[in-house]
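**Student:** Residue numbers (this note's numbering): 8 to 430. One structure, as structure tokens, below. Some questions next.
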């Protein structure tokens, strides 16, 4: 039976759409299936996009892309129950932007459609269609759509891939739950509150006490007229904490380091999203097979570096490797060893370099000291340095030594040694 198209892609998120665009640009016929009525309406991310991969895909993206603010102000705050120690930096001219997926994804789909991609919103894929052990299409209700290859870009919750035995469910510490709110705030208030001007943006990261001293973090990004605020906690932390993620977010919003930043705001959006942040060692052993391959969050290619989460740009980079694989495979009449071809292209990409570079960080971030001892240590040292009272500050070596012993010298040293080995 004749195929309906060369490629069927399930999911019009960033990875699926970028893969579709590249394949169509190479002359392949591509069908992009999206379960949401409007692309992007069911997609959620923290909201920071490193644009190097987008520039490779669409060199003139900055002319039309619905970007929010260029990130120039960075900060990392280590939180204790009643205080925070913050490290901040001003970096003009950076190449990362805050984005809102509800605006960005429809734009990217429109760019793909200009290249000839056919996007069908509101399409529910019930199952993969197989013949003789090969995936050669999808089943949507009573319809069977056939293609030479099927790309699963259905996100971290890979229902179809798991149902067909293509992947196994990852461990709890390799998956995190992100809870995010979009809060309204006038442009002038944002720029005054975060010391911004000329479309500058701020990216604030938080660690410590987000999930009851268990692994977890939080973020706040500035948009044009909104703030993106959220927490990200491994599923294993949520299980141990036994506190609903929604309550953890509510607690975070009342912290004295956060509360003034979001005062007089109104919640516009609220959502949850699974984040595959286990890195290289949590990727499926087999991420391509007979007629199919994975891309984006389904590939579990998100990278947590400890001070940033590389999700959307890694999705774009992985999509490039996937498209190269599909283009090459479609140039041959006979079915190719898709996994070997895909793995080769992934290994040659920036995605692989970053996955390898930070492959041990997920295990490092499971150490409890980062969320309890280190924030407390930094706050105690800061308090003694700034709150001098009626006595002189002791010599710095004495001050540091006293607090190091108080908070567990050997555990802290272990954190440092492991960090040096990982990073």
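We treat Cβ as the ideally placed atom computed from N, Cα and C, and that holds for glycine.
Taking DSSP as the reference, what is the three-state secondary structure of residue 84?
**Tutor:** Note: residue 84 maps to strand in three-state DSSP.
**Student:** Just the Cα atoms here: how many angstroms apart are residue 254 and residue 121?
**Tutor:** If I take the Cα positions, the gap works out to 44 Å.
**Student:** Determine the direct distance from the alpha carbon of residue 311 to that of residue 182, and round the result to whole angstroms.
**Tutor:** Roughly 11 Å between the two C-alpha positions.
**Student:** Please report the Cβ distance between residue 241 and residue 325, rounded to the nearest whole angstrom; I am assuming they are in contact, meaning their Cβ atoms lie under 8 Å.
**Tutor:** Residue 241 to residue 325, Cβ: 22 Å. No contact.
**Student:** What do you reckon, are the CB atoms on residue 163 and residue 283 nearer than 7 Å?
**Tutor:** Their beta carbons are under 7 Å apart, which means residue 163 touches residue 283 by this criterion.
**Student:** Sorted by chain position, which residues of the same chain lie with C-beta nearer than 6 Å to residue 225's C-beta, five sequence neighbours on each side aside?
**Tutor:** Taken in chain order, the residues that qualify are 213, 217, 238, 259.
**Student:** Is residue 375 helix, strand or coil by DSSP?
**Tutor:** The answer is helix: DSSP assigns residue 375 an H, G or I state.
**Student:** Could you tell me which of 220, 318, 26 sits nearest to residue 249, measuring between CA atoms?
**Tutor:** Answer by Cα proximity: 220.
**Student:** Using alpha carbons as the reference points, say which of 323, 344, 39 lies closest to residue 117.
**Tutor:** Selected option, being the one with the closest Cα: 39.
**Student:** What residue ranges within the segment 48 to 92 form continuous beta strand (DSSP E) runs of no fewer than 3 residues, ordered along the chain?
**Tutor:** Runs found: 55 to 57, 76 to 87.
**Student:** Identify every run of the beta strand (DSSP E) within the segment 183 to 253, keeping only runs that are complete inside it and at least 3 residues long; order them along the chain.
**Tutor:** Runs of the beta strand (DSSP E) inside the segment 183 to 253: 207 to 214, 224 to 229, 233 to 241.
**Student:** Check whether the Cβ atoms of residue 50 and residue 108 sit closer than 7 Å, and answer yes or no.
**Tutor:** Cβ distance < 7 Å, so residue 50 and residue 108 count as in contact.
**Student:** Check each candidate in 145, 373, 84, 115 and name the one with the smallest Cα separation from residue 70.
**Tutor:** Of the listed residues, the one whose Cα sits closest to residue 70 is 115.
**Student:** When you compare the segment 122 to 135 with the segment 143 to 153, are there three or more beta-carbon pairs, one atom per stretch, that lie closer than 8 Å?
**Tutor:** Touching, yes, given that three or more Cβ pairs across the two stretches are closer than 8 Å.
**Student:** Please determine, among 230, 174, 420, the residue with the shortest C-alpha to C-alpha distance to residue 195.
**Tutor:** That would be 230, whose Cα lies nearest to the Cα of residue 195.
**Student:** Whole angstroms is fine: what's the gap from residue 275's alpha carbon to residue 188's?
**Tutor:** Taking the straight line joining both Cα atoms gives about 7 Å.
**Student:** Are there 16 or more other CB atoms within 10 angstroms of the CB of residue 103, so buried, or fewer, so exposed?
**Tutor:** The residue is buried, with at least 16 neighbouring Cβ atoms inside 10 Å.
**Student:** Helix, strand or coil for residue 125 per DSSP?
**Tutor:** Residue state, collapsed to three classes: strand.
**Student:** Just to confirm my understanding: we take residue 105, look at its own chain, exclude 5 residues before and 5 after, and list those with CB closer than 7 Å. What are they?
**Tutor:** Same-chain partners within the cutoff: 54, 55, 75, 76, 78, 208, 228, 229, 230, 235.
**Student:** Below 8 Å, can you find three or more Cβ-Cβ pairs linking the segment 315 to 333 to the segment 19 to 29?
**Tutor:** With a cut-off of 8 Å, the segment 19 to 29 and the segment 315 to 333 count as touching, because enough Cβ pairs lie within range.
**Student:** Using the Cα positions of residue 263 and residue 96, report the straight-line distance between them to the nearest angstrom.
**Tutor:** C-alpha separation (whole angstroms): 21 Å.
**Student:** By the three-class DSSP mapping on this structure, what secondary structure does residue 279 have?
**Tutor:** Residue 279 falls in the strand class under three-state DSSP.
**Student:** Contact defined as beta carbons within less than 8 Å: I believe residue 61 pairs with residue 300. What is the distance between those atoms, to the nearest angstrom?
**Tutor:** Actually they are not in contact, since the Cβ atoms of residue 61 and residue 300 sit about 22 Å apart, beyond 8 Å.
**Student:** Where does residue 377 land, buried or exposed, given buried means 16+ other C-beta within 10 angstroms?
**Tutor:** That one is buried.
**Student:** Identify which residue in 123, 124, 156 has its Cα closest to the Cα of residue 138.
**Tutor:** Nearest C-alpha to residue 138: 156.
**Student:** Measuring CA to CA, which of 72, 37, 319 is closest to residue 152?
**Tutor:** Comparing Cα-Cα distances from residue 152 to each of 72, 37, 319, the minimum goes to 37.
**Student:** Report buried or exposed for residue 268, applying the criterion of at least 16 other Cβ atoms within 10 angstroms of its Cβ.
**Tutor:** Buried, because 16 or more other Cβ atoms sit within 10 Å of the Cβ of residue 268.
**Student:** Can you check which of these residues, 416, 369, 404, 379, is closest to residue 426 by C-alpha distance?
**Tutor:** Comparing Cα positions, the closest option is 369.
**Student:** Alpha carbons only, please: which of 391, 317, 393, 398 is nearest the one belonging to residue 364?
**Tutor:** For the residues 391, 317, 393, 398, the minimum Cα distance to residue 364 belongs to 317.
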